[in-house]
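Protein sequence lines, in the order shown, are assigned to chains X and D.
Heads up, the first sequence is in the working numbering, so the first residue is 26 and it goes up one at a time.
Heads up, the second sequence is in the working numbering, so the first residue is 26 and it goes up one at a time.
Idealized CB from N, CA, C, for every residue including glycine.
Here's the structure we're looking at; comments come further down.
Protein chains: 2
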Amino acid sequence: MSIEQPANPSSALMGHHHVTLGVGDPQEDFDFHTKVLGLKCVKRTLLYDGPLPVYHFYYGNDLGEESTLVTSFPVRHIGAKATEGSGQVSHISLSVPPESLDFWQARLTDFDIDVTQNEKFGEKRLDFRHPHNIRMSLVGVADDNRKPHSTGPVPAENMIRGTHSVGVSTRDIEFMAEFMEVAWGGTDEGTDGNWQRYSMGEGGTGTFTDFEIEPDRRPGSWIIGEGAIHHMAYHCPDHETQNNIKFFVEGLGYTDFSDVKDRGYFDSIYVRTPSGALFEAAVSHDPAFLVDEPLESLGTKVMMSPQIEQSYDEVMAIIGEVKD
Amino acid sequence: MSIEQPANPSSALMGHHHVTLGVGDPQEDFDFHTKVLGLKCVKRTLLYDGPLPVYHFYYGNDLGEESTLVTSFPVRHIGAKATEGSGQVSHISLSVPPESLDFWQARLTDFDIDVTQNEKFGEKRLDFRHPHNIRMSLVGVADDNRKPHSTGPVPAENMIRGTHSVGVSTRDIEFMAEFMEVAWGGTDEGTDGNWQRYSMGEGGTGTFTDFEIEPDRRPGSWIIGEGAIHHMAYHCPDHETQNNIKFFVEGLGYTDFSDVKDRGYFDSIYVRTPSGALFEAAVSHDPAFLVDEPLESLGTKVMMSPQIEQSYDEVMAIIGEVKD
């Protein structure tokens, strides 16, 4: 036994796994991600926490690989409204080829979506909002080798490669910087205005967390509700690392680290960070989304646990059918 | 299956269980609680989270009953320093007979502790600080029937009865009020200046949480460190209620609810609240502190798990002996 601080197991976190949005109407959310952004729905299943039936949609590339995944909880039927603010994951940016930005500006405009051109950290970006008010961006990233969805409505040469950075609005960075560096294994990548960037693992697109330091911004809500991002999941390579991270970070005093939750396609642990944002470390199952559906029909049926499937008709009457 | 919100299981939370402080030198902490405040040390054991050996002291009445307990982690040997601020449990107040306040003012002054007389919610109080900077108060409460430590240095008629209220510094109350009422089963007891009080269960002393709304205060740290209160534990009547609370509150979106942790004398779950403070719901074991020591020698030896006890000498060399 030693009183020396052990090596930080979180340095093995590899970047993003998925980001999860609280949204409104399921059909509108589905259409936006699959028809406007052109992502593939790789799974339609249910939220496993709590007593109320809620969809859980997963959108990504052909296989729904890590760091291509955006997921959503459509909760309009239960009336849960989120409030945007500080202490939240505030936006998600997705990587596209730099030469596709004009294509995307025209495409989003054609769908009546307001688009603003911006630049942060020397990266050109298009900022817009999901129909249920979630802040999103497309960022031009050269040489992103992640495979895009190959059979969607957007030609592969223009298609989204995956997540680029996740934004977190925080009133103060001091103890969040300590958390990122000591507890979460991040690397400080510098600032641009009131934004401070961290990377995970080997760095680069799909690993960035951008903190927007907004000292005077009122806090947002933490519930699963329409109109805010609920949490950000980072890609953890294996269960041993996940257990080590939980033990290590709990030992620092972050005692609210969740138990390991089997999400069907990956195993998750969650912790609230000093920024206010909820972070997750997720270990993918092998196989992941192919475990209960073949590639040919991936994401086309509603997958439910056997217990819930006994009430299939009743559940569907509550959450509603979603059409391709 | 129904989409109606189920009844709130947290309404069964009965009030305080214990409050846990991050402190410095173990002997100074021990002497302050047992010799100045006159509490009984009902258990000296170890912190079970993380790889580093740290004492865990429990102080309370003769048996260490719920809502009489103050506990501490002395961490000076590992150099963990906390920062006071918003988003933290900010103080703990203890109940004493109203007619004992003069006695206590004189006693604390004799021990070279600065004491200030104040009044909040119509209650007379003495405010002071633990030697490692934790804010504490003694509040005059009539007809508090909890049994005081009966064989300590303070005569029973003047002795502390248990916790009265726990203070939480928060920059905003909006989503914390929602958490207290929707997720935690609290009752709004009104305001006094920038303080807002909630009670639990049947209300009254030992059940209060007082939020100090301080919009401009910089956040404090969340680590286990010297000089700040780490978390506040509420008394949960049984394991079924504890499981129901976890399921219900997770379903609202507070996914960072910890697994159930066996703390040897009670079972705990933890969640970060929108105020920033870390809350716990604890179910006492039966027997609790008498499980591993008889009443006659309660709290006199260091209790370790069998695995750690194999390294007893090495552990004690790190954390140091503490003398009565």
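Within the model, the alpha-carbon separation for X:Val296 versus X:Asp311 is close to 24 Å. Along the region 259 to 304 of chain D, the alpha helix (DSSP H) occurs as fully enclosed runs of 4 or more residues at 264 to 277, listed in sequence order. For the region 231 to 261 of chain D, the residues whose beta carbon sits under 7 Å from a beta carbon of chain X are, in order, Arg243, Pro244, Ser246, Trp247, Ile248, Ile249, His255, His256. In the structure shown, the three-state DSSP call for X:Glu318 is coil. The C-beta of X:Leu277 comes closer than 8 Å to at least one C-beta of chain D. Within the region 283 to 301 of chain X, Ser283, Asp284, Tyr295, Val296, Arg297, Pro299 place their CB atoms closer than 7 Å to a CB of chain D, listed in sequence order. Taking a Cβ-Cβ cut-off of 8 Å, X:Asp54 has no neighbours in chain D, whose nearest Cβ is about 17 Å from it. For X:Ala306, the closest alpha carbon among the candidates X:Ala181, X:Val285, X:Phe146, X:Ser97 is that of X:Val285. Cα atoms of X:Thr108 and X:Val48: separation of roughly 12 Å, rounded to the nearest angstrom. Residue contact check for D:Asp281 against chain X: a CB pair falls below 8 Å. By the Cβ rule, the region 229 to 242 of chain X does not count as touching the region 258 to 266 of chain D, because fewer than three pairs are nearer than 8 Å. Using beta-carbon distances, D:Asp197 counts as an interface residue toward chain X, with a partner under 8 Å.
Separation of D:Leu126 and D:Val95 (C-alpha to C-alpha, rounded to the nearest whole angstrom) is 20 Å.
Secondary structure note for X:Tyr73: it is in no alpha helix (DSSP H), with a DSSP letter that is neither H nor E. Counting every other CB atom within 10 Å of its CB across the protein chains shown gives X:Asn219 a total below 16, marking it as exposed.
Check the Cα spacing between D:Asp217 and each of D:Glu144, D:Lys106, D:Trp247: the tightest is with D:Glu144.
Contact with chain D is found for X:Leu303, since one of that chain's Cβ atoms lies less than 8 Å from the residue's Cβ.
About 7 Å separates the beta carbons of D:Phe272 and X:Gly75, which is inside the 8 Å limit, making them a contact pair. Against chain D, the CB of X:Phe200 has a partner CB under 8 Å away; the residue lies at that interface. Taking the Cα positions, D:Tyr279 is about 16 Å away from X:Pro244.
Those residues of the region 82 to 114 of chain X placed with their C-beta closer than 7 Å to a C-beta in chain D are His102, Ile103, ordered along the chain.
In this structure, D:Ser118 places its C-beta atom within 8 Å of the C-beta atom of D:Val164. Residue burial annotation: D:Gln142 is exposed, with fewer than 16 other C-beta atoms found within 10 angstroms of its C-beta. Contact annotation: the region 308 to 324 of chain X touches the region 77 to 94 of chain X, with at least three C-beta pairs closer than 8 Å.
D:Ile159: not part of any alpha helix (DSSP H); DSSP gives it neither H nor E. For D:Phe272, the chain X residues whose Cβ falls inside 9 Å of its Cβ are Asp74, Gly75, Pro76, in order along the chain. By the 16-neighbour rule on beta-carbons within 10 angstroms, D:Thr195 is buried. D:Val166 has its alpha-carbon roughly 8 Å from the corresponding atom of D:Glu148. Under the DSSP assignment, X:Glu227 falls outside any alpha helix (DSSP H); it carries neither an H nor an E label. Considered as a whole, the region 144 to 198 of chain X harbours 148 to 154, 160 to 165, 187 to 195 as its complete beta strand (DSSP E) runs of no fewer than 3 residues, in chain order.
Annotation for X:Leu133: no beta strand (DSSP E) segment contains it, though the alpha helix (DSSP H) segment containing it runs 126 to 135. Annotated three-state conformation of X:Pro244 is strand, per DSSP. Between D:Phe200 and D:Pro299, the alpha-carbon positions lie close to 6 Å from each other. Selection X:Gly250, X:Asp56, X:Leu71 evaluated against X:Tyr337 yields X:Leu71 as nearest (Cα-Cα).
Bridge partners of X:Ile117 according to DSSP: X:Met161, X:Val191.
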